[in-house]
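Here is the structure we will look at.
Residue numbers (the numbering used here): 8 to 115.
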């Protein structure tokens with residue numbers, strides 16, 4: 008879904024990072040919310056940028072670990088998201104939350 012949208016929008020340079028980011032956000036939602044459904048969104052708020060979102064029914068806000076150990080297999084997903092995106096965050100709703108991330112092409 009993300010690859011298709013980026014190709015159609017001519018934002019192929021974002022594909023690799025966006026694919027990694029959405030994979031991490033979905034994995035976190037599935038792993039931590041433990042609820043039967045999530046929603047994935049891909050939007051283009053600016054001509055050179057995208058916003059990825061994963062919505063679930065958990066109200067637990069993800070936190071960026073400040074001490075990820077290099078030999079750990081888990082717990083580094085948000086560090087990757089933080090590194091690859093221009094910004095990311097969480098919007099809380101009465102019934103759950105959306106974790107979002109924005110990526111922008113560099114000016115040519």
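Quick reminder that beta carbons are idealized off the backbone N, C-alpha and C, glycines included.
Here the structure is a predicted model, which means the values were calculated and not measured.
With 16 other Cβ atoms within 10 Å as the buried cut-off, status of residue i
i           : result
residue 63  : buried
residue 102 : exposed
residue 97  : exposed
residue 115 : Low confidence applies to residue 115: its pLDDT is 48, below 50, so where it sits in the model is not reliable, and the reading given next is rough at best. Residue 115 is exposed by the Cβ-count criterion.
residue 37  : exposed
residue 15  : exposed
residue 106 : buried
residue 40  : buried
First and last residue of the uninterrupted beta strand (DSSP E) at residue i
i           : result
residue 29  : Unbroken run through residue 29 is the alpha helix (DSSP H), 22–40; no beta strand (DSSP E).
residue 107 : 103–111
Sequence-distant residues of its chain with Cβ nearer than 6 Å to residue i (five each side left out)
i          : result
residue 48 : 60
residue 33 : 61
8 Å CB neighbourhood of residue i in its chain, flanking five on each side removed
i           : result
residue 112 : 18, 20, 21, 55, 56
residue 92  : 24, 28, 108, 109, 110
Beta-carbon contacts of residue i that lie in its chain and below 7 Å, excluding the five residues immediately before and after
i          : result
residue 89 : 71, 95
residue 25 : 9, 13, 57, 59, 110
residue 66 : 99, 103, 104
Extent of the continuous alpha helix (DSSP H) to which residue i belongs
i          : result
residue 84 : 84–91
Coarse secondary structure for residue i, derived from DSSP in three states
i           : result
residue 16  : helix
residue 68  : coil
residue 97  : strand
residue 73  : coil
residue 115 : In this prediction, residue 115 scores a pLDDT of 48, lower than 50, which makes its location untrustworthy; no coordinate-derived value is stated.
Below-7 Å beta-carbon distance, residue i vs any chain D residue
i          : result
residue 31 : Chain labels in this structure do not include chain D; a single protein chain is all it has.
Runs of beta strand (DSSP E) wholly within the region 39–65 (minimum 3 residues, chain order): Secondary structure in the region 39–65: the beta strand (DSSP E) runs of 3 residues or longer, each lying completely within the stretch, are 46–53, 56–63 in chain order.
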